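Reading through the structure tokens given below for one structure.
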Amino acid sequence: MHRALAYSLWIFGLLMHPVIIRGTLDARQDDIPVIIGGTILPDRRQSPWMVYLASDYGFIDMPCGGSLVSKSVILTAAQCVTFSFSDPGVFLKAQRVLYVLGGLTSKPDDETEEVYGWQDDPTNAIVVHPWYLGLKSLHDVALVKMSSAVTLTPYIGLVQLTSPGCNPEGLDVGVIGWGKTETDDTAVPEFFSIGKFYW
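For the sequence shown, position 73 (counting from the first letter as 1) is numbered 73 according to UniProt numbering, and the numbering increases by one without interruption.
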């Protein structure tokens with residue numbers, strides 16, 4: 001039971017960033033992700049599993065986050081790689097997904113430690129949970145298979161599960177991603193930031 005709880009909390013933690021950002025976007029009616037009260041992360045080695053994603057639908061690009069779960073697979077929210085319509089269960093998979101690993105900015109190829117690439121085979125490389133019905137629904141999880149495996153480094157690493165006997169009650173949880181850290185900031189987020197979420 002403890003292992004199931006730890007695993008559930010791990011999945012919840014992985015998906016908190018995209019859900020918080022999407023919820024904020026819906027409430028504020030703009031397209032700038034927010035991690036209010038956060039700070040720019042000074043060292044990417046503190047969160048080497050975090051992946052920047054940008055999904056291309058042909059008419060809109062959507063930035064998001066994910067976690068590296070193997071050398072070639074990224075776990076993310078289904079809403080990060082799909083565009084939902086008004087009918088439940090009707091959504092469009094991204095035509096292609098940009099992924100950036102190991103860098104502090106959302107720009108590909110601007111840092112020496114980063115790896116980036118495109119996945120443009122949505123049929124075979126983007127797997128959405130079969131019970132996902134669209135934005136704001138249950139089962140909001142998906143996998144993106146990268147076009148090639150990455151080499152693990154201090155800047156690029158796999159996410160780790162918590163220990164089986166872990167009791168998360170009362171612990172601070174970090175929220176990480178590419179979001180603005182001040183409410184009056186109008187710039188498009190570029191730098192990797194961390195904030196606090198209290199469990």
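Quick reminder that beta carbons are idealized off the backbone N, C-alpha and C, glycines included. Please read these numbers as outputs of a predicted model, since none were measured by experiment.
- Contact between L101 and V127 does not hold, since their C-beta atoms are separated by about 19 Å, which reaches or exceeds 8 Å.
- Straight across, the Cα-Cα distance linking V90 with C166 is about 38 Å.
- For C64, DSSP records a beta bridge to L53.
- Across the structure, R44 and Y155 are spaced so that their CA atoms are roughly 6 Å apart.
- Bridge pairing for L92: F83 [DSSP].
- Between G66 and C80, the C-beta spacing is below 8 Å.
- Comparing alpha-carbon positions, the option among S47, I176, S137, L138 lying closest to Q160 turns out to be S47.
- Comparing alpha carbon positions, the residue from T76, S137, P122, S70 closest to G177 is T76.
- The three-state secondary structure of T76, taken from DSSP, is strand.
- Taking the Cβ atoms as the reference, S84 lies roughly 26 Å from G117, outside the contact range of under 8 Å.
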